[in-house]
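Okay, structure first, notes after.
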Amino acid sequence: METRELRYFVAVAEELHFGRAAQRLGIAQPPLSRAIAQLERRLGVALLERTSRAVALTEAGSVLLVEGRAALDAVEAAERRTRRAALAGAGQPGLVLVTKAGASGELLSKLLDAYASEPGAVPVDVLLCGVGEQERLLRDGRADVALLHRPFDSTVGLDSEELRTEGQVVVLPAGHPLTAQAQVRMADVAALPGLPPPRRPGPDGTYPDGPGPQIRDNAQLYQLIALGRASAVLPESCRADLRRDLAAVPVVDAPTVTTVIAWPPHSRSLALAGLIRTAIRL
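When we follow the UniProt record's numbering, the leftmost residue of the sequence shown carries the number 1, and every step to the right adds one.
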């Protein structure tokens, strides 16, 4: 298969309309239809069910949509990493580290300071992202390394090293009755009236259904908690970033959170290897 054919198919599969897909791709509809038909002949399967009024994916088409997206992401990642490798070879070395905004701030600061003092250290650009985005940015080649948090982020297909495991706390408005307790349980948090947990976007960018407010980063979340509109169970290390109008109480039966540093398994960057060694030492 050619990447051009995959791009054409993914556009049609996502739009389920040849006209809209052709407009999105910037081509005429007839060559798009011919390309999809040629792809189906090459694979020997029907990818789309076409009627005069609708287009739908077959079971084989649904599989190719998932696999095609992954293949196109891998091609784009290869392009980005190749360009960065060329810059490094031309005397412009550097690393891009991605992390969720407001997470692991103290750990990140110590890591960057320690690495900067190492012989041969290169500049590290820090890319702050929204909730759940750092894994995607690492996989698609826009970042060389990421700080991820299990069990919320997946490290499947990546190399990684564990840096820290910690408990969790519930973050509440300062002065809330529950803040007078030394510790609480998840059942206590679930029973909080008027303070629903936030809704964070999933890997596809959509929000799950529920009563809680939609958030994209911790700055939004902290503001909503301070206003008495939400509560949140977060890693213990968030205490370092809490405002004075917020309070945290340990949740004794919440699952632990493990911060890991992760990178693509095929990386051969000496600079990245140095950063990983520094992280493990810390």
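Positions of the beta carbon are idealized from the N, C-alpha and C atoms, including for glycine.
The structure presented is a predicted model; accordingly, all values stated were derived computationally and were not measured.
- Per DSSP, the unbroken beta strand (DSSP E) holding D125 starts and ends at V124 to C129.
- Buried is the label assigned to V233, since at least 16 other Cβ atoms lie within 10 Å of its Cβ.
- For R150, the beta-bridge partners assigned by DSSP are T258.
- Judged by their CB atoms, G167 and T256 are nearer to each other than the 8 Å cut-off.
- In the structure shown, A74 adopts helical secondary structure according to DSSP, grouped into three states.
- Buried is the label assigned to R84, since at least 16 other Cβ atoms lie within 10 Å of its Cβ.
- Remark: C-beta atoms of I225 and V171 approach each other more closely than 8 Å.
- Sequence-distant Cβ neighbours of E79 in its own chain, meaning closer than 8 Å and more than five residues away, are G141.
- Per the DSSP secondary-structure output, Q214 pairs in a beta bridge with R199.
- Between the segment 94-110 and the segment 118-134, the count of Cβ pairs shorter than 8 Å is three or higher; the stretches touch.
- Of the other Cβ atoms in all chains shown, 16 or more fall within 10 Å of the Cβ of E135; this residue is therefore buried.
- A residue is called buried when at least 16 other Cβ atoms come within 10 angstroms of its Cβ; D245 does not meet this threshold and is exposed.
- Rounded to whole angstroms, the gap between the alpha carbons of V184 and P193 is 15 Å.
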